[in-house]
Structures are given as structure tokens and as C-alpha cells.
Amino acid sequence: MPTIAVTGATGELGKIVVERLLKDHPGIKVVAGARDSDKAAPLAAMAAVVRELDYDRPETLAPALQGVDKLLLISGNAVGQRVPQHKAVIEAAKAAGVGLIAYTSVLRAGETSLAIAAEHKATEAVLAEAGVPYVLLRNGWYCENYVFRLTAALEHGALAHCAGDGRISAATRADFAQGAVAVLTSAEDQSGKVYELAGSTSFTMAELAADLSRQSGKSVPAINLSPEDYSKALIEAGLPDFIAGLLAKSDLGASEGGLFDDSRTLETLIGRPTTSMSDVIAAALGK
Ligand SMILES: NC(=O)c1ccc[n+]([C@@H]2O[C@H](COP(=O)([O-])OP(=O)(O)OC[C@H]3O[C@@H](n4cnc5c(N)ncnc54)[C@H](OP(=O)(O)O)[C@@H]3O)[C@@H](O)[C@H]2O)c1
Numbered sequence: 333m334p335t336i337a338v339t340g341a342t343g344e345l346g347k348i349v350v351e352r353l354l355k356d357h358p359g360i361k362v363v364a365g366a367r368d369s370d371k372a373a374p375l376a377a378m379a380a381v382v383r384e385l386d387y388d389r390p391e392t393l394a395p396a397l398q399g400v401d402k403l404l405l406i407s408g409n410a411v412g413q414r415v416p417q418h419k420a421v422i423e424a425a426k427a428a429g430v431g432l433i434a435y436t437s438v439l440r441a442g443e444t445s446l447a448i449a450a451e452h453k454a455t456e457a458v459l460a461e462a463g464v465p466y467v468l469l470r471n472g473w474y475c476e477n478y479v480f481r482l483t484a485a486l487e488h489g490a491l492a493h494c495a496g497d498g499r500i501s502a503a504t505r506a507d508f509a510q511g512a513v514a515v516l517t518s519a520e521d522q523s524g525k526v527y528e529l530a531g532s533t534s535f536t537m538a539e540l541a542a543d544l545s546r547q548s549g550k551s552v553p554a555i556n557l558s559p560e561d562y563s564k565a566l567i568e569a570g571l572p573d574f575i576a577g578l579l580a581k582s583d584l585g586a587s588e589g590g591l592f593d594d595s596r597t598l599e600t601l602i603g604r605p606t607t608s609m610s611d612v613i614a615a616a617l618g619k
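And the structure:
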């Protein structure tokens with residue numbers, strides 16, 4: 333049985349991966365890498381081996397990766413600092429003799445116009461140069477990204493966006509996590525594989541607004557703004573400039589097709605269609 337380590341194990345995606353590994357694959361030793369061990373107490377209670385693993389503290393990396401056969405490197409959330417952070421983990425994993433690194437990248441990292449892709453593309457290049465066995469889990473957008481927008485839309489009576497008619501193949505974190513577990517526990521050699529992962533179905537923002545209206549019983553039209561106006565509206569609503577800019581750029585990327593994928597690769601990995609956005613809306617509305 334291999335030892336599998338997960339970085340960012342206390343994050344939203346990481347904790348689901350750790351839980352699934354423990355639940356569905358008893359016998360596998362699961363190392364939960366966390367920068368804050370206290371936050372990982374619930375994972376330790378489930379029998380994960382919690383080790384301190386902080387991308388910014390190189391002294392934590394070698395001990396955290398000792399004896400690890402496979403590593404899920406979950407991309408960090410410190411936008412702008414991620415390439416050196418990821419590089420430190422990749423170099424430590426190579427030195428520790430880790431047999432496979434699975435990295436959570438972004439959909440079509442190589443060619444996408446999505447603004448946040450640059451650090452993922454650079455991390456993929458680091459992996460290629462490092463000469464370690466690796467597999468790319470290129471994740472599309474989370475359905476959960478839209479839940480807070482729907483809450484705001486219900487409050488304001490409209491769903492503002494700048495994604496135009498772009499189709500979005502979002503999937504839930506739980507489904508992406510299950511895909512990652514399938515790759516990490518596969519008996520097949522995963523080295524060199526690239527998975528473009530996204531939802532089985534897709535929606536436009538207009539369709540999302542129509543579904544929200546139908547399910548909530550309130551009329552919530554979609555309003556397509558220019559990226560500048562959308563960003564301005566988010567700042568006026570209280571979001572920090574940087575976050576407003578990122579959200580507007582994500583919608584812009586969606587308008588250019590950057591969040592659409594109909595390969596059904598994630599569906600094939602997990603052996604069932606992914607949870608639909610419609611079901612996510614229903615759950616968010618408590619239905
Ligand atoms: N596909 C999408 O729609 C989407 C959306 C947002 C983000 N992402 C990317 O996917 C990743 C996982 O998503 P998520 O929802 O799980 O995000 P998340 O909940 O923000 O989790 C990020 C994890 O990274 C950890 N982390 C941050 N800095 C670290 C450091 N210096 N050393 C070690 N760990 C560090 C955090 O630790 P703490 O628990 O201690 O905070 C957290 O566990 C994100 O980090 C981001 O790169 C994807």
C-alpha cells in the first residue's frame with residue numbers, strides 16, 4: 333500500500349481528498365500536509381498522519397515528504413507567490429524520492445487566456461524541468477465559486493457578470509477531489525498524463541440566472557456588463573480591488589471559452605456524471 337501525501341490538506345479541496353482517501357482506501361497511509369497542525373486536528377482524528385508542511389518554510393518540506401510514494405500538490409492560494417512556493421515543494425519531493433507528483437493546475441493551462449493561468453503554466457514548466465514523474469490535474473472552475481454570486485444576486489435582484497455567452501463547465505470540489513483520488517490510487521502508471529477536468533454539463537450566466545429564478549421563485553435576470561463596469565460594481569459592493577479584478581478577469585476568460593470543456597474526462601475518472609450546477613443551486617437554496 334502506498335503512502336500518499338496531500339498538501340493544503342486543511343483547505344476546502346484538500347480536506348475532501350484526505351477524507352475520501354481514508355474512507356475509500358483503508359490501508360493507504362495518508363499524510364495530511366498542513367501549515368497549521370491545529371487546523372488539521374479533524375483530519376488526525378480520522379487517522380490521517382498530520383505533518384507540518386509550509387510552502388514558505390523549506391525546513392518543513394523534507395520531513396513532511398519522507399517516505400511518501402505519491403504526492404498531491406494542491407496549488408496554493410497566495411496569488412503572485414505560488415511559483416517559488418510550488419518549486420520548493422517539487423524540489424523537496426524530488427530529493428525525497430517521491431514516485432509521483434499530481435499537481436492541481438487549471439483547464440488547458442498551456443493555451444488558455446484565463447488570467448490566473450500564468451502561475452499554473454509556470455509550475456507545469458518547473459515540473460517538466462525537474463525530471464520527476466508527474467501528472468497534471470487541470471481543474472476547471474468550482475461550482476462553489478458561483479454559489480456566493482447567486483446569494484448576492486438574490487439579494488440585489490440581478491446576476492451581474494461579464495462572461496457574455498461563454499459556456500462554463502463547472503464541477504464541485506467533491507467531484508474534482510474524487511477525480512484526484514482516482515488518479516492517485518490508480519493501478520495504471522499515471523506519469524506523463526494530462527487530465528483536462530470539468531463538469532459533464534455546462535451553463536451560461538443567463539442560463540444560471542434563469543435556473544436560479546426558477547428554483548427560488550424570484551425573478552433574477554442576468555446583466556452582462558463590460559469587464560470594467562463589472563469590476564467597478566464589485567468594488568462598489570465592497571470587494572477589494574484585487575479580488576474584483578480577478579473575478580472580472582475570470583468572467584472575461586469564460587466569455588472567451590476558457591471555462592468550457594466537453595471532454596467528460598472527469599466523468600470518466602469518477603465513473604458517473606458530475607453533480608450539476610442545478611443540483612448545487614438546489615442545495616444552496618436548502619431544497
Ligand atoms: N478551480 C477553481 O475554481 C479554484 C478556485 C479557487 C482556487 N483554486 C485553486 O485550487 C486550490 C485549492 O482550492 P481550495 O478551494 O482548496 O482553496 P483553499 O481552501 O483556499 O485552500 C488552499 C490551501 O492552501 C494552503 N496554503 C496556503 N498557503 C500555504 C503555504 N504557504 N504552505 C502550505 N499550505 C498553504 C492553505 O492552508 P490553510 O488551510 O492553512 O489556509 C489551504 O489549505 C487553491 O489554493 C487555488 O490554487 C481553484
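Last residue of the sequence shown: 619 (the working numbering), numbering continuous.
Here a beta-carbon is modelled for each residue, glycine too, at the ideal position from N, C-alpha and C.
All of these numbers come straight from a predicted model, not from anything done at the bench.
Shown here, Lys355 sits in a helix according to DSSP, grouped into three states. In this structure, DSSP gives Asn409 a state outside helix and strand, which the three-state scheme calls coil. Note that the segment 428-439 touches the segment 465-473; at least 3 beta-carbon pairs, one per stretch, sit closer than 8 Å. The closest heavy atom of ligand 1 lies less than 6 Å from the beta carbon of Asp368. Here Val349 has Val338, Leu404, Ala509, Ala512, Val513 as same chain residues with Cβ atoms under 7 Å from its own Cβ, once five neighbours each way along the sequence are excluded. Glu520 carries a coil assignment under DSSP once its states are collapsed to helix, strand and coil.
In terms of side-chain proximity, the C-beta atom of Ser437 is found no nearer than 6 Å to any non-hydrogen atom of ligand 1. Excluding its 5 nearest sequence neighbours in each direction, Ser523 has C-beta neighbours in its own chain below 8 Å: Leu432, Pro465, Tyr466, Val467, listed in chain order. In this structure Met333 is in contact with Lys361, their Cβ atoms being roughly 7 Å apart against a cut-off of 8 Å. Leu469 sits in a strand when the DSSP states are folded into three classes.
The beta carbon of Glu528 sits closer than 7 Å to the beta carbons of Leu439, Arg440, Arg470, Asp593, Ser595, Thr597 from its chain, once the five residues preceding and following it are set aside; these are given in chain order. One alpha carbon belongs to Ala396, the other to Gly365, and they sit about 7 Å apart.
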